[in-house]
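Residue numbers (the working numbering): 9 to 180.
C-beta atoms are modelled at their ideal positions from N, C-alpha and C, and glycine is treated no differently.
What follows is a single structure, written as C-alpha cells, with notes after it.
Here it is as C-alpha cells:
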C-alpha cells in the first residue's frame with residue numbers, strides 16, 4: 009500500500025567471550041548479546057578496517073558490503089567466491105563513498121545510500137544495474153546510478169531488495 013512498515017532485523021549471537029575486533033565498533037552501543045562474527049577473516053574481514061552491511065546473491069558466491077575507517081565515509085566493495093574460496097574484495101566503481109549498500113539475489117542490482125550533508129532528512133538513495141557481465145566479475149560494468157530520492161522520493165538506508173522487487177529499508 010506504499011506505507012513503510014517497521015521491521016527490526018538483528019543477528020543475535022550468544023557468548024560474551026567472543027572477541028570483537030576494534031575496527032568493528034560502530035556508532036551502535038554494544039549489547040551483551042550482539043557480537044559480530046568475522047566473515048572470511050583476513051580476506052573479507054580485516055583487523056585494519058570495519059565492514060558493514062554484508063549482503064549475498066542467492067547462490068552465495070557474490071557479496072557486497074562497505075568498508076570503513078570513518079563511519080560516515082564507507083567504500084562500497086564486492087567480493088566473489090570461486091571454487092569454494094573467497095577472492096580479495098574490490099571497490100565498486102560507481103560510488104567512492106556510501107553509507108551502506110546491498111546487492112539483490114540475482115546479482116544484477118545494487119542499492120546504496122549516500123549521506124546528504126545539505127539535508128537533515130536522511131541519506132539519498134541510489135540504484136545501479138549490472139549492464140554487462142564478463143567472465144571476469146571484476147570487469148563487469150554497472151549503469152550510472154539512478155537517484156531514487158529524486159525519482160521516487162525515498163530516503164533511507166540498510167537495504168534488502170527482495171526477489172519480487174520489494175525494497176525493504178530503514179526509513180531515515
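Backbone secondary structure at residue i - three-state DSSP
{"i": "residue 157", "result": "helix"}
{"i": "residue 80", "result": "coil"}
{"i": "residue 91", "result": "coil"}
{"i": "residue 29", "result": "Any reading at residue 29 is ruled out, since the residue's pLDDT is 44, under 50, leaving its predicted position unreliable."}
{"i": "residue 127", "result": "coil"}
{"i": "residue 69", "result": "coil"}
{"i": "residue 60", "result": "strand"}
{"i": "residue 165", "result": "strand"}
{"i": "residue 21", "result": "Since pLDDT at residue 21 reaches only 41, below the 50 mark, its modelled position is unreliable, and the value read off the structure follows with that caveat. If DSSP states are grouped into helix, strand and coil, residue 21 belongs with coil."}
{"i": "residue 117", "result": "strand"}
{"i": "residue 98", "result": "strand"}
{"i": "residue 136", "result": "strand"}
{"i": "residue 107", "result": "coil"}
{"i": "residue 149", "result": "strand"}
Short Cβ contact (9 Å threshold) for residue i with residue j
{"i": "residue 119", "j": "residue 102", "result": "no"}
{"i": "residue 166", "j": "residue 110", "result": "yes"}
{"i": "residue 121", "j": "residue 163", "result": "yes"}
Nearest-angstrom Cα separation, counted from residue j out to residue i
{"i": "residue 82", "j": "residue 107", "result": "6 Å"}
{"i": "residue 129", "j": "residue 84", "result": "22 Å"}
{"i": "residue 132", "j": "residue 90", "result": "33 Å"}
{"i": "residue 117", "j": "residue 149", "result": "12 Å"}
{"i": "residue 158", "j": "residue 93", "result": "39 Å"}
{"i": "residue 56", "j": "residue 152", "result": "30 Å"}
{"i": "residue 77", "j": "residue 174", "result": "31 Å"}
{"i": "residue 64", "j": "residue 47", "result": "12 Å"}
{"i": "residue 71", "j": "residue 178", "result": "20 Å"}
{"i": "residue 45", "j": "residue 99", "result": "22 Å"}
{"i": "residue 115", "j": "residue 104", "result": "20 Å"}
{"i": "residue 62", "j": "residue 171", "result": "17 Å"}
{"i": "residue 136", "j": "residue 156", "result": "10 Å"}
{"i": "residue 95", "j": "residue 113", "result": "19 Å"}
{"i": "residue 73", "j": "residue 60", "result": "6 Å"}
{"i": "residue 161", "j": "residue 66", "result": "28 Å"}
Assigned exposure category for residue i - 16 Cβ within 10 Å defines buried
{"i": "residue 8", "result": "Residue 8 falls outside the range modelled here, since the chain spans only 9 to 180, and no answer is possible."}
{"i": "residue 97", "result": "buried"}
Supposed contact pair residue j and residue i - C-beta distance, whole angstroms, cut 8 Å
{"i": "residue 87", "j": "residue 52", "result": "5 Å"}
{"i": "residue 80", "j": "residue 49", "result": "Wrong, their Cβ atoms sit about 25 Å apart, outside the cutoff."}
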